[in-house]
Structure formats: structure tokens, C-alpha cells
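Beneath this line is the structure, given in C-alpha cells, with notes to follow.
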Amino acid sequence: MNQHPGIIGTKIGMTQIFNERGEVLRCTVVQAGCVVIGKRTLEKDGYSALILGLGERAERHTNKPMAGAFKKVGQTPKRVIRELRCSPEYAAKYELGQALKVDEVFEVGQRVDAQGRSRGRGFSGVIRRWSFAGAVNSHGTHEYFRHGGSIGTNMTPGRTLPGLKMPGHYGDETVSALNLKIAKLMPEDNLILIEGAVPGPKNQVVTIRGAVKKNGGKGIAPAQQPTGKKKGG
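Residue 304 is where the sequence shown starts when you use this note's numbering, and the numbers rise one by one after that.
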């Protein structure tokens, strides 16, 4: 489980910047600004985590149990709530109501994992959903150009096998993009520029955390360790 430091933010679009070599970097812009509204502790909950809130929710749109929970911790109702696992030492650094600053959580060049919800595309056919080639449009083909083809089997097993690629609901799924690179941080505006594409459409809530597979979630890639073999020998 990813327990590297992270934030929740809103994807506000894409832009491009130039690096020191004059190369164009296509970047996704994420608006941060989440605050700590609660904690999980080993003594009480069996694990350690930070509960983060993003955006303000009108009190008239907040039910009584949620309003009471926010009032108990002295916070205003938040539009989005996420729980991020972390080490007890990291959780102890933050107090209730404290904002997570992007330059304290990340650094330029760090590898991160981004998670969001993909754009919903409704009920889609097999060509759009699974990139089927479709049928030929000659040699007697009649009203069958975008169909999926046969879905059955012979006498054995005599049924449609599960997991067959067919038309259905497409998109609106949780998608993770791994090992993206932080291109630029703008702490004064709580903005993170991430090189490449982050899952989800504009205004989608995304979770950005240190990469679980690369760099240990912090800093530039470490130098390669020596193998002990000498050249020419």
C-alpha cells in the first residue's frame, strides 16, 4: 500500500512550459489546497492516516451527522474528503486545520502516482470500447459493419464465456498513472505542474502521492550502485 506523502487536488487543465534546455514539456495543472480535518492513530484505529478535506461545502447541503463531525473538530464542511495512509511520524507533523503546502510535500523532479476517475462515456459499442476493427463492408455484408461478431461456442462448453468483450458501460472508472514527474511547483498559488497526463477530465478530483515503484516517493532517482566489477577484468 502506498504510504508516501501526498495531497488531493483538482485537475484544472493542461499547459506547456519550457525546461532549461529549451524543450517543451506538456504538463497537467493540479490545484491543491487541502487541509487536515482528522487523523487515524495506531492506538485507536489500528493504522495511521491523515484525513484531508478539499473545497468548501455549503452548510445547507450538509446533513446533520456530517455537520456535527466537522463541528466537533472545529472545521467547516468540506466538499471532498479523502483518507491517505502514512507513517505515524509523518502524521504527527500536522495539526487539525493545517494546510498541506505543495513545496513541503513534493519537490521538482520527484516521481509521483496520480489517481483519478476517467471520463464517463456511457453505453458504448465494441469498436469504441474495445477498439474492434469491425466487419468488412463488401462481399455480402449487410448492416453488420460495427457489430461484435459471434459470442457463442460449440456444443462444448455450449455457453458464452465470462469476460467476453461486448458493448457496455465505458469509462467512469478509477485509473492510476504511475511514475509521473513533477515539472514545476508554484507554492504561492498551490499549483502542481505534472509532466504528462493525469487521469480524469477538467475539475476532476485527483490524488497525487509519491511514486510507490520509483525513487521511494521522494527526490531525484538515486545514483546507480556499483556492481563491484572492474573494467577490463
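The beta-carbon is built from N, C-alpha and C at its ideal position, and this holds for glycine as well.
Confirm the yes/no value for this check: CB of residue i, any heavy atom of the ligand FAD, distance under 8 Å.
i, result
"alanine 500", "This structure does not include the ligand FAD; it has no bound ligands of any sort."
How is the alpha helix (DSSP H) around residue i delimited, first residue to last?
i, result
"lysine 367", "367–375"
"isoleucine 430", "429–433"
"lysine 347", "345–348"
"valine 405", "405–408"
"alanine 514", "First-last for alanine 514: undefined, no H or E at that position."
"alanine 394", "391–394"
Taking a contact to mean a Cβ-Cβ separation below 9 Å, would you say residue i touches residue j in this structure?
i, j, result
"glycine 423", "isoleucine 430", "no"
"isoleucine 485", "arginine 414", "yes"
"isoleucine 354", "glycine 371", "no"
"threonine 331", "leucine 481", "no"
"glutamate 398", "alanine 352", "no"
"histidine 307", "alanine 500", "no"
"valine 408", "isoleucine 310", "yes"
If you follow the beta strand (DSSP E) that residue i is part of, which residue opens it and which one closes it?
i, result
"lysine 314", "309–321"
"aspartate 416", "414–420"
"glutamate 386", "381–388"
With 16 other CB atoms within 10 Å as the buried threshold, where does residue i fall?
i, result
"asparagine 518", "buried"
"aspartate 416", "buried"
"threonine 459", "exposed"
Could you name the residues of the same chain whose beta carbon sits closer than 8 Å to that of residue i, not counting the 5 residues immediately before and after it, in chain order?
i, result
"threonine 313", "Val333, Gln334, Leu357, Gly358, Asn506, Gln507, Val508 and Val509"
Near residue i, what residues of its chain come up, given a Cβ to Cβ distance below 7 Å and the 5 sequence neighbours on each side ignored?
i, result
"asparagine 493", "Gln334, Ala335, Gly336 and Val405"
"glycine 325", "none"
"threonine 318", "Cys330 and Val332"
Using the C-alpha atoms, what's the distance from residue j back to residue i?
i, j, result
"leucine 483", "glutamate 498", "6 Å"
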